[in-house]
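Heads up: the structure comes next, in structure tokens.
Protein chains: 2
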Amino acid sequence: MLKFIDRLAKLVQTKGNGVCVGLDPRFESLPKEMQTGRDHGHGQRAAAYAEFCKAIIDVVCPLVPVVKPQSAFFEALGPDGMSALAGVISHATSKTGAEELLVILDGKRNDIGSTAQAYAEAYLGRNSPWGADALTVSPYLGDDSLEPFAAACDANGAGIFVLVKTSNPGGGDFQDQLIQQSAGTLYQRVADVVEARAKSTSGECEYGDIGAVVGATYPEQLAELRQAMPHTWFLVPGYGAQGGGAADVAAAFDKRGLGAVVNSSRGIIFAHNKEPYKTSYGESRWQDAVRAATEDMIRDLRSALPHA
Amino acid sequence: MLKFIDRLAKLVQTKGNGVCVGLDPRFESLPKEMQTGRDHGHGQRAAAYAEFCKAIIDVVCPLVPVVKPQSAFFEALGPDGMSALAGVISHATSKTGAEELLVILDGKRNDIGSTAQAYAEAYLGRNSPWGADALTVSPYLGDDSLEPFAAACDANGAGIFVLVKTSNPGGGDFQDQLIQQSAGTLYQRVADVVEARAKSTSGECEYGDIGAVVGATYPEQLAELRQAMPHTWFLVPGYGAQGGGAADVAAAFDKRGLGAVVNSSRGIIFAHNKEPYKTSYGESRWQDAVRAATEDMIRDLRSALPHA
Numbered sequence: 563m564l565k566f567i568d569r570l571a572k573l574v575q576t577k578g579n580g581v582c583v584g585l586d587p588r589f590e591s592l593p594k595e596m597q598t599g600r601d602h603g604h605g606q607r608a609a610a611y612a613e614f615c616k617a618i619i620d621v622v623c624p625l626v627p628v629v630k631p632q633s634a635f636f637e638a639l640g641p642d643g644m645s646a647l648a649g650v651i652s653h654a655t656s657k658t659g660a661e662e663l664l665v666i667l668d669g670k671r672n673d674i675g676s677t678a679q680a681y682a683e684a685y686l687g688r689n690s691p692w693g694a695d696a697l698t699v700s701p702y703l704g705d706d707s708l709e710p711f712a713a714a715c716d717a718n719g720a721g722i723f724v725l726v727k728t729s730n731p732g733g734g735d736f737q738d739q740l741i742q743q744s745a746g747t748l749y750q751r752v753a754d755v756v757e758a759r760a761k762s763t764s765g766e767c768e769y770g771d772i773g774a775v776v777g778a779t780y781p782e783q784l785a786e787l788r789q790a791m792p793h794t795w796f797l798v799p800g801y802g803a804q805g806g807g808a809a810d811v812a813a814a815f816d817k818r819g820l821g822a823v824v825n826s827s828r829g830i831i832f833a834h835n836k837e838p839y840k841t842s843y844g845e846s847r848w849q850d851a852v853r854a855a856t857e858d859m860i861r862d863l864r865s866a867l868p869h870a
Numbered sequence: 563m564l565k566f567i568d569r570l571a572k573l574v575q576t577k578g579n580g581v582c583v584g585l586d587p588r589f590e591s592l593p594k595e596m597q598t599g600r601d602h603g604h605g606q607r608a609a610a611y612a613e614f615c616k617a618i619i620d621v622v623c624p625l626v627p628v629v630k631p632q633s634a635f636f637e638a639l640g641p642d643g644m645s646a647l648a649g650v651i652s653h654a655t656s657k658t659g660a661e662e663l664l665v666i667l668d669g670k671r672n673d674i675g676s677t678a679q680a681y682a683e684a685y686l687g688r689n690s691p692w693g694a695d696a697l698t699v700s701p702y703l704g705d706d707s708l709e710p711f712a713a714a715c716d717a718n719g720a721g722i723f724v725l726v727k728t729s730n731p732g733g734g735d736f737q738d739q740l741i742q743q744s745a746g747t748l749y750q751r752v753a754d755v756v757e758a759r760a761k762s763t764s765g766e767c768e769y770g771d772i773g774a775v776v777g778a779t780y781p782e783q784l785a786e787l788r789q790a791m792p793h794t795w796f797l798v799p800g801y802g803a804q805g806g807g808a809a810d811v812a813a814a815f816d817k818r819g820l821g822a823v824v825n826s827s828r829g830i831i832f833a834h835n836k837e838p839y840k841t842s843y844g845e846s847r848w849q850d851a852v853r854a855a856t857e858d859m860i861r862d863l864r865s866a867l868p869h870a
């Protein structure tokens with residue numbers, strides 16, 4: 563079975579960019595045509611989320627290698643939302659050829675032992691119940707909690723991205739704590755554990771199936787982690803709405819233009835609410851706004867990556 | 563609205579014990595009558611999980627104050643599993659009077675900002691889409707990630723239990739790291755943050771709506787954390803199958819018998835597979851095995867709590 567990370571590397575090369583489109587639906591931000599008559603209960607809202615996200619996928623699939631549904635927004639609609647999530651993942655993974663997409667489900671799951679195994683069975687691989695290619699995972703429970711995920715990645719051609727340095731203002735509360743008798747911080751200690759697992763699962767592209775979440779909002783730490791984690795592919799949140807720019811994330815990529823995917827959610831999927839797209843396209847042409855915002859982000863990242 | 567933590571304290575006093583029954587269904591361990599003819603697809607297994615967990619709830623509701631469904635096992639069955647989970651939570655929260663139960667959903671969720679808010683909206687409070695009373699939460703993202711949960715607890719009469727010291731062998735990889743320029747470890751630093759939030763949300767029972775997960779398998783740290791976190795209610799996993807005994811968890815309780823609920827999952831729900839219950843009751847009387855195992859655990863905990 564082709565390894566997840568080699569499929570990812572190939573798609574980044576084929577599409578010529580490392581953009582990840584985050585699918586974070588919020589009812590109030592949807593185009594009005596999708597809200598109308600649907601504000602009655604979770605079933606209607608879930609139907610709107612599914613229709614909206616599938617339409618986004620149809621727009622971006624020729625352009626980018628990865629989409630990242632945010633599980634929380636679907637969970638917030640109860641079981642109806644979860645059914646919508648499954649449909650969205652399935653729609654994305656049904657794309658083939660020049661439209662092929664990988665799906666990273668953003669669920670930040672983890673637990674111990676057989677419970678972690680249940681999460682791995684739930685989400686990892688296209689034959690799993692949810693059918694995602696990769697899952698975001700929280701590290702607080704330690705290295706043994708990552709083992710069932712690593713085993714499922716190997717068995718199912720899937721990947722995980724472990725939180726290392728998150729993009730939020732309070733991310734440093736624990737992550738930036740200096741650890742005694744090591745030269746660094748907690749996030750560096752987590753990075754060491756993740757890099758060891760990445761190295762042991764590396765494929766032809768030289769990166770491993772065990773990746774890391776490293777936020778765009780702390781560019782110095784991003785550059786430092788790129789050096790410290792040569793086998794670890796980065797999922798980089800925080801570009802756009804959260805304030806990270808192309809120059810901030812450039813250090814996440816290697817000279818081949820590999821090694822990272824940079825996520826943007828609101829900046830792309832709700833482009834119709836935001837200038838210059840609001841004026842250029844308006845709500846009625848919201849898919850064109852999504853396409854233009856995606857193309858602008860691709861261009862922005864390329865301008866900061868002269869080697870790629 | 564009555565605070566979550568005061569409802570919990572009252573139920574622990576009324577039922578006379580701090581036992582939490584973990585609902586961790588695994589298809590292969592279910593009574594054979596529930597497996598038969600149902601091994602075809604997620605829908606059938608999900609129906610078996612719902613029937614099994616509801617039957618467990620019917621047995622334990624007069625005996626214990628809390629049940630804790632483990633989300634991972636339901637998620638492993640895809641959307642069908644999530645519908646079953648919603649039904650199980652609803653069945654538990656429908657109990658009233660002497661059978662009243664609180665539901666802690668074990669999902670170990672968290673994310674940043676508005677995404678954490680989506681998780682809080684999804685799960686916290688009986689009027690939320692999933693209708694749980696409390697949720698387990700991971701701390702790696704920092705104190706600001708707890709804020710949306712704390713706000714939802716306050717608004718909806720709900721609670722959270724933040725992972726502090728987990729029960730697994732590798733839990734110490736990061737949690738036990740000594741932090742420079744503080745007198746202690748990472749888990750102690752997390753404990754300080756949680757205790758501050760517990761103190762600021764404390765109710766009549768003197769504990770707060772923001773609780774902590776502290777494993778039974780490290781009894782010295784459990785006793786130390788009890789001292790360090792006087793306003794924090796503990797959810798204690800690791801009793802029974804994982805090796806923790808009544809003496810190990812006694813330190814989690816105060817002199818009133820409050821301050822903790824001790825979880826047992828497999829030891830109770832699959833008692834029919836295990837001696838002495840297997841011989842005494844057998845599969846055909848599996849509910850009697852569940853009742854006996856629950857009563858034995860209540861007795862075991864009481865024997866170690868002379869003050870309660």
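Going line by line, the protein sequences match chains A and B.
According to the numbering used here, the first sequence is numbered sequentially starting from 563.
According to the numbering used here, the second sequence is numbered sequentially starting from 563.
Where is the CB? At the ideal position from N, CA and C, for every residue including glycine.
The structure presented is a predicted model; accordingly, all values stated were derived computationally and were not measured.
Checklist entry - Buried or exposed: where does Q737/A fall if 16 or more other Cβ atoms within 10 Å of its Cβ makes it buried? => result buried
Next on the checklist: Output needed for S700/B: all residues of its chain with C-beta closer than 8 Å, excluding positions within five of it in sequence on either side, in chain order.
Outcome noted: K670, R671, N672, V724 and L725
Checklist entry - Can you tell me whether DSSP reads I830/B as helix, strand or coil? => result helix
Next on the checklist: Which same chain residues end up closer than 7 Å to A808/B when comparing Cβ atoms and leaving out the 5 residues on each side of it in sequence?
Outcome noted: D862, L863, S865 and A866
Next on the checklist: Closer than 7 Å to a non-hydrogen atom of the ligand HEM - does that hold for the CB of G806/A?
Outcome noted: You won't find the ligand HEM in this model; it holds no ligand whatsoever.
Checklist entry - Going by Cα to Cα distance, which pick from T598/B, A790/B, T779/B and A720/B is closest to E757/B? => result A790/B
Checklist entry - How would you label E683/A, buried or exposed, when you count the other beta carbons within 10 angstroms and need 16 or more for buried? => result buried
Next on the checklist: Between D706/A and chain B, is any beta-carbon pair separated by less than 8 Å?
Outcome noted: yes
Checklist entry - What residue ranges within the region 770 to 829 of chain B form continuous alpha helix (DSSP H) runs of no fewer than 4 residues, ordered along the chain? => result 781 to 790 and 808 to 811
Item to check | Beta-bridge partners of C582/B, as assigned by DSSP | outcome: V628/B and N825/B
Checklist entry - In chain A, which residues lie less than 7 Å from M644/B when you measure between Cβ atoms? => result P641 and M644
Next on the checklist: Quick check on this structure: which residue in F589/A, L570/A, L703/A and A646/A has the alpha carbon closest to the alpha carbon of G580/A?
Outcome noted: L570/A
Next on the checklist: Rounded to whole angstroms, what is the Cα-Cα separation between Q679/B and C715/B?
Outcome noted: 11 Å
Next on the checklist: Can you check which of these residues, E857/A, H653/A, Y681/A and C582/A, is closest to K630/A by C-alpha distance?
Outcome noted: C582/A
Checklist entry - Whose CA, out of P799/A, I831/A, N835/A and F832/A, lies closest to the CA of V824/A? => result P799/A
Item to check | Pair within 8 Å by beta-carbon distance, C615/B and L592/B | outcome: no
Checklist entry - Which residues share a DSSP beta bridge with G721/A? => result A696/A
Item to check | Inter-stretch contact (C-beta, 8 Å, three-pair minimum) for the region 662 to 669 of chain A and the region 602 to 619 of chain B | outcome: no
Item to check | Buried/exposed call for N689/B, threshold 16 Cβ in 10 Å | outcome: exposed
Item to check | Contact list for the region 686 to 710 of chain B against chain A, Cβ threshold 7 Å | outcome: P691, W692, S700, P701, Y702, L703, G704, D705, D706 and S707
Next on the checklist: Looking at the secondary structure, which residues open and close the beta strand (DSSP E) in which D668/B lies?
Outcome noted: L664 to R671
Item to check | Per-residue burial, E637/A [other beta carbons within 10 Å of its own, 16 or more giving buried] | outcome: buried
Next on the checklist: At the level of alpha carbons, what is the spacing between S645/A and P641/B?
Outcome noted: 5 Å
Checklist entry - the region 628 to 639 of chain A: which residues have C-beta closer than 8 Å to a C-beta of chain B, in chain order? => result Q632, A634, F635, E637, A638 and L639
Next on the checklist: I need the DSSP call for S707/A, collapsed to helix, strand or coil.
Outcome noted: helix
Checklist entry - Do the CB positions of A854/A and S842/A come within less than 8 Å of each other? => result yes
Next on the checklist: With DSSP as the reference, identify every bridge partner of T747/B, one or two as the case may be.
Outcome noted: L740/B
Next on the checklist: Tell me which residue opens and which closes the alpha helix (DSSP H) that G643/B is part of.
Outcome noted: G640 to T655
Checklist entry - For the region 791 to 803 of chain A, which residues have a beta carbon sitting closer than 8 Å to at least one beta carbon of chain B? => result none
Item to check | Near-chain A residues of the region 746 to 773 of chain B - C-beta to any C-beta below 8 Å | outcome: L748, R751, V752 and V755
Checklist entry - Taking 8 Å as the CB-CB cut-off, is H604/B touching chain A? => result yes
Checklist entry - Does the distance from the CB of P781/A to the CB of A813/A come in under 8 Å? => result yes
Next on the checklist: Within the continuous alpha helix (DSSP H) that includes L686/B, where are the two ends?
Outcome noted: Premise fails: L686/B is in no alpha helix (DSSP H) and is neither H nor E.
Checklist entry - What's the gap between the Cα of G773/B and the Cα of L664/A? => result 38 Å
Item to check | Within 8 Å of chain B by C-beta, residues of the region 725 to 741 of chain A in sequence order | outcome: L725, T728, S729, N730, P731, G732, G733, G734, D735, F736, Q737, Q739, L740 and I741
Checklist entry - If you draw a straight line from the alpha carbon of A696/A to that of L797/A, how long is it in whole angstroms? => result 11 Å
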